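The numbers in the working numbering rise by one with no breaks, and the one at position 107 of the sequence shown is 433.
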Amino acid sequence: MEILAKNLNHLGIIREHTLIRLITGGLPAWQDSQLFIKDLHFDGVPMRIYLPREPSASKRRGVIFIHGGCGIFGSIRSYERICRYIARKSDSVVVSLGYHLAPEFRYPAQTLECLSATVHFLKTADTYGVDPARIVVCGDSVGGTFATSVCQELVHRTDIPKIRAQVLIYPFLQALNFNLPSHQKNAAVPFLFRERAVHFILKYLNKDCSLKEPMLAGSHVPESINLKYRKWISPDLIPDEFKLGYKPPLPTLFLPQVHEEVQELFEPRVSPLLAEDAVVCALPDTCIVTCEHDVLRDDGLLYKKRLEDNNVHVTWHHVEKGFHAAVGFFGYGMFSFPSSNTIINHAVDFIKGY
327 MEILAKNLNH
337 LGIIREHTLI
347 RLITGGLPAW
357 QDSQLFIKDL
367 HFDGVPMRIY
377 LPREPSASKR
387 RGVIFIHGGC
397 GIFGSIRSYE
407 RICRYIARKS
417 DSVVVSLGYH
427 LAPEFRYPAQ
437 TLECLSATVH
447 FLKTADTYGV
457 DPARIVVCGD
467 SVGGTFATSV
477 CQELVHRTDI
487 PKIRAQVLIY
497 PFLQALNFNL
507 PSHQKNAAVP
517 FLFRERAVHF
527 ILKYLNKDCS
537 LKEPMLAGSH
547 VPESINLKYR
557 KWISPDLIPD
567 EFKLGYKPPL
577 PTLFLPQVHE
587 EVQELFEPRV
597 SPLLAEDAVV
607 CALPDTCIVT
617 CEHDVLRDDG
627 LLYKKRLEDN
637 NVHVTWHHVE
647 KGFHAAVGFF
657 GYGMFSFPSS
667 NTIINHAVDF
677 IKGY
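If you want it as structure tokens, here you go:
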């Protein structure tokens, strides 16, 4: 799919991100007699709400779902089956956010829209029969990035209810080091190659994709920043069982001009692993799902360690046969994967505990 998209983009037939949006748009789901489903806007952000039809004796739990897609594709429709399933199985009111996509809407529009929509729901939860003290934020891939960022930005807010928990499914959490063990091991594993991950980051930030190779080598990071964040981002922090066959990369030359071009990568909104301990220690209970065959696996492992080091309660699930974008196949019967079901059921089981 990605090769086709690249070739058609090169020929000027259709933009790469536009074709991927069409291909990954998802098939329409069947009607659901158990849910009332409605499209709304939260503070100007498109969203879809899934409310269980069965009467409840008390206010329900709320789940804010933020979809993945590198910030440039993915949609409410493509995550329809997942959100319906979470609403039914956890008896929750689920809100799926349809934030506007890059490159048409420039960074940080996506994070800011997720933040404003989350605040709106926290303030108006009663309207939808939701207990504002039982709201969980959930996201996969870059949706996990946005979920992480939202939780970090809200930790010190006193004018709204606190988020109860967060679910992060194979999240992207840092852009300093693309040579961690999982980057080496899964560099050419579908559905997210190592070089494509950096390509999509640059597309999301509206940067020149010629910066990809120096970023892959690490030439965008000065030694001072590497030293500052080595306590949080380093292969030395990855458990030994995940480092089989790992070879430390050769030293690379720092390129100041590349560093200047990608300053956004060092902001916590793009790299939540860079958030200070004063923020991390105040985060809610967290579920992290990592997949063995995922180039981003080690981002999740590093964040798990940071949270635990800051005494945040973490529930961790590692899916041995899982891969990046696995949940995109959820609910398609014979075209689904066992790991797709495993990941979503881990999320549902965690959500039901709150």
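Cβ atoms here follow ideal geometry from the backbone N, Cα and C, with glycine treated the same way. Because the structure is a prediction, the values reported are computed rather than measured.
Checklist line | Among N637, P507, A523, nearest to P575 - alpha-carbon criterion | finding: P507
Next item on the list: Check each candidate in S418, Y530, C613 and name the one with the smallest Cα separation from V588.
Entry: Y530
Next item on the list: Give the DSSP bridge partners of V456, in chain order.
Entry: The partner list for V456 (beta bridge, DSSP) reads R386.
Check: Applying the criterion that 16 or more other CB atoms from any shown protein chain within 10 Å of the CB defines a buried residue, is P497 buried or exposed?
Finding: buried
Notebook entry, point to check: Taking DSSP as the reference, what is the three-state secondary structure of F568?
Noted result: helix
Margin query: Taking the straight line between their C-alpha atoms, what separation do you get for E406 and P487?
Written below: 27 Å
Item checked: Per DSSP, the bridge partner or partners of Q492 -> Note: Q492 is bridge-paired with V463, T612 in the DSSP secondary-structure output.
Check: In chain order, what residues of the same chain have a beta carbon less than 7 Å from the beta carbon of L366, not counting five sequence neighbours either side?
Finding: M373, I375
Check: For V371, which residues does DSSP report across the bridge?
Finding: F368
Notebook entry, point to check: What are the start and end residues of the alpha helix (DSSP H) that includes T641?
Noted result: First-last for T641: 640-649, but that is the beta strand (DSSP E), not the alpha helix (DSSP H).
Notebook entry, point to check: What are the partner residues of H585, as DSSP defines its beta bridges?
Noted result: Beta-bridge pairing links H585 to no other residue.
Checklist line | Residue closest to T641, alpha-carbon to alpha-carbon, out of Y454, G626, Q583 | finding: G626
Checklist line | Continuous alpha helix (DSSP H) stretch holding L633: start and end | finding: 623-635
Checklist line | C-beta atoms of D603 and N636 nearer than 8 Å | finding: Yes, these two residues count as a Cβ contact at 8 Å.
Margin query: Using only the alpha-carbon positions, how far apart do G657 and V468 sit?
Written below: 21 Å
Note to self: So, at 8 Å on beta carbons, what are the nonlocal neighbours of I408 in its own chain, with the 5 sequence-adjacent residues on each side left out?
What the structure shows: F391, V653, F656, G657, I670
Margin query: Looking only at its chain, what residues have a beta carbon closer than 6 Å to the beta carbon of V419, apart from the 5 residues adjacent to it on each side?
Written below: L377, R386, G388, Y454, V456
Next item on the list: Answer yes if the stretch 469-488 comes into contact with the stretch 591-602, meaning at least three C-beta pairs across the two stretches below 8 Å, and no otherwise.
Entry: yes
Margin query: Using CA atoms only, rank isn't needed, just tell me which of S597, A443, R490 is closest to P458.
Written below: R490
Check: What does I392 pair with, by DSSP beta-bridge criteria?
Finding: Under DSSP, I392 forms a beta bridge with L423, G465.
Next item on the list: Note down, in chain order, each residue of its chain lying with its Cβ closer than 6 Å to the Cβ of R520, except the 5 sequence neighbours on either side.
Entry: H509, A513, V621
Next item on the list: Please work out which residues of its chain come closer than 6 Å, Cβ to Cβ, to G394, disregarding the five sequence neighbours upstream and downstream, and give them in chain order.
Entry: Around G394: G400, D466, S467, V468, G469.
Check: Does DSSP classify F661 as helix, strand or coil?
Finding: Residue state, collapsed to three classes: helix.
Notebook entry, point to check: Buried or exposed: which applies to A651, given that a residue is buried once 16 or more other Cβ atoms fall within 10 Å of its Cβ?
Noted result: buried
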